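Enquirer: Submitted below is the structure of interest, expressed as structure tokens.
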Amino acid sequence: MSEINVTPFVDVMLVLLVVFMVTAPLLVLGIPVQLPKVSKEYIIADDDTPLNVEVDEDKRIYINKKEILLPSLAPQLAQMKLANPKVKVHLRGDARLNYGAIAVVAGEIRNAGIQVIALRTDLANLRSEIEAFPKQNVQ
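The numbering used here numbers the first residue of the sequence shown as -15 and each following residue consecutively.
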């Protein structure tokens, strides 16, 4: 009785699988379209999309990756709040900054009338910081 040898078939299938796995991420999905231009310098967030306010280690401030000076932060955010009263802000500060620098930026966000501020963290670093934090008996 002769049996069918499936080893070459499996080899070919594995090669095809690898080819598809390598080429699939390179495919561009969608059709090419030309997007309209906007007249504003900033992006107004949707109801669900938070504004990203970031502070780098040199204390430069960015709103949605656009650099802005501290004195103009509150007025700019106030304009965005007028366009979307339910706007939320995700505040992200460099780990090398002291707490005071982040507190100043958070204060300016509050001065703009924005009530919902979330502090963004890196979860991997947060876990290592929690593990390194001394255990205290809280009564």
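Ideal Cβ positions, reconstructed from N, Cα and C, are used throughout, including at glycine. It should be emphasised that the depicted structure is a prediction, and the values quoted were computed from it without experimental measurement.
(1) If the criterion is Cβ atoms closer than 8 Å, does the pair residue 50 and residue 98 meet it?
(2) In chain order, what residues of the same chain lie with their CB nearer than 8 Å to the CB of residue 89, ignoring the 5 residues before and after it?
(3) Is residue 93 buried or exposed, if buried means 16 or more other CB atoms sit within 10 Å of its CB?
(4) Tell me the rounded alpha-carbon separation between residue 8 and residue 85.
(5) Taking DSSP as the reference, what is the three-state secondary structure of residue 79?
(6) For residue 60 and residue -3, what's the separation of their Cα atoms in angstroms?
(7) Per DSSP, what are the beta-bridge partners of residue 37 in this structure?
(8) So, under 8 Å CB-CB, residue 129 and residue 102 are touching, yes? Tell me the CB distance rounded to an integer number of Å.
(9) Starting from residue 102 and walking both ways along the beta strand (DSSP E), at which residues does that stretch end?
Expert: Well, looking at it:
(1) To locate residue 50, count along the sequence shown from 1; it is residue 66. To locate residue 98, count along the sequence shown from 1; it is residue 114. Residue 98 sits away from residue 50, with the two beta carbons spaced by 8 Å or more.
(2) Within the sequence shown, numbered from 1, the residue matching residue 89 stands at position 105. Only 37, 39, 45, 54, 57, 75 and 77 meet the Cβ criterion.
(3) Sequence index remark: in the sequence shown, residue 93 carries index 109 (1-based). By the 10 Å Cβ count, residue 93 comes out buried.
(4) Within the sequence shown, the letter at position 24 stands for residue 8. Within the sequence shown, the letter at position 101 stands for residue 85. Cα to Cα, the separation comes out at about 44 Å.
(5) In the sequence shown, the residue the question calls residue 79 occupies position 95. Here residue 79 sits in coil by DSSP.
(6) Numbered from its first residue, the sequence shown carries residue 60 at position 76. Numbered from its first residue, the sequence shown carries residue -3 at position 13. Looking at the backbone, the Cα of residue 60 and that of residue -3 are separated by about 57 Å.
(7) Within the sequence shown, numbered from 1, the residue matching residue 37 stands at position 53. When beta bridges are read from the DSSP output, residue 37 appears opposite 47 and 75.
(8) Absent from the structure is residue 129, since the part of the chain shown begins at -15 and ends at 123.
(9) Taking the sequence shown and counting its residues from 1, one reaches residue 102 at position 118. Element bounds for residue 102: 101 to 103.
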